[in-house]
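Student:
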Amino acid sequence: MSPARFFEVVRSAVNDGFEEAIAQHERRPTPSKLAELRATEVLRQGPLH
10 MSPARFFEVV RSAVNDGFEE AIAQHERRPT PSKLAELRAT EVLRQGPLH
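For the sequence shown, this note's numbering begins at 10 and goes up steadily by one.
1) So what's Gly26 in DSSP terms, helix, strand or just coil?
2) For a test of the three-state rule: what should DSSP assign to Ser21, helix, strand or coil?
3) Using the Cα positions of Val18 and Ser11, report the straight-line distance between them to the nearest angstrom.
Here it is in structure tokens:
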């Protein structure tokens, strides 16, 4: 597996994890949800692009 393909697979898995975390969070709203979603977006864009 090439390094590029490896990072693509890892990034996809990480994004899936974030999406699941966000979905769970939306089912359990908290006052800080918006701030956490914003932070998650920043993390999602991260160093791998």
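All C-beta atoms in this analysis are idealised placements derived from N, C-alpha and C, irrespective of residue type, glycine included.
Just so it is clear, the structure is predicted and the values come from calculations on it, not from any experiment.
Tutor: Short version:
1) Shown here, Gly26 sits in a helix according to DSSP, grouped into three states.
2) Correct three-state label for Ser21: helix.
3) Val18 and Ser11: Cα-Cα distance of roughly 11 Å.
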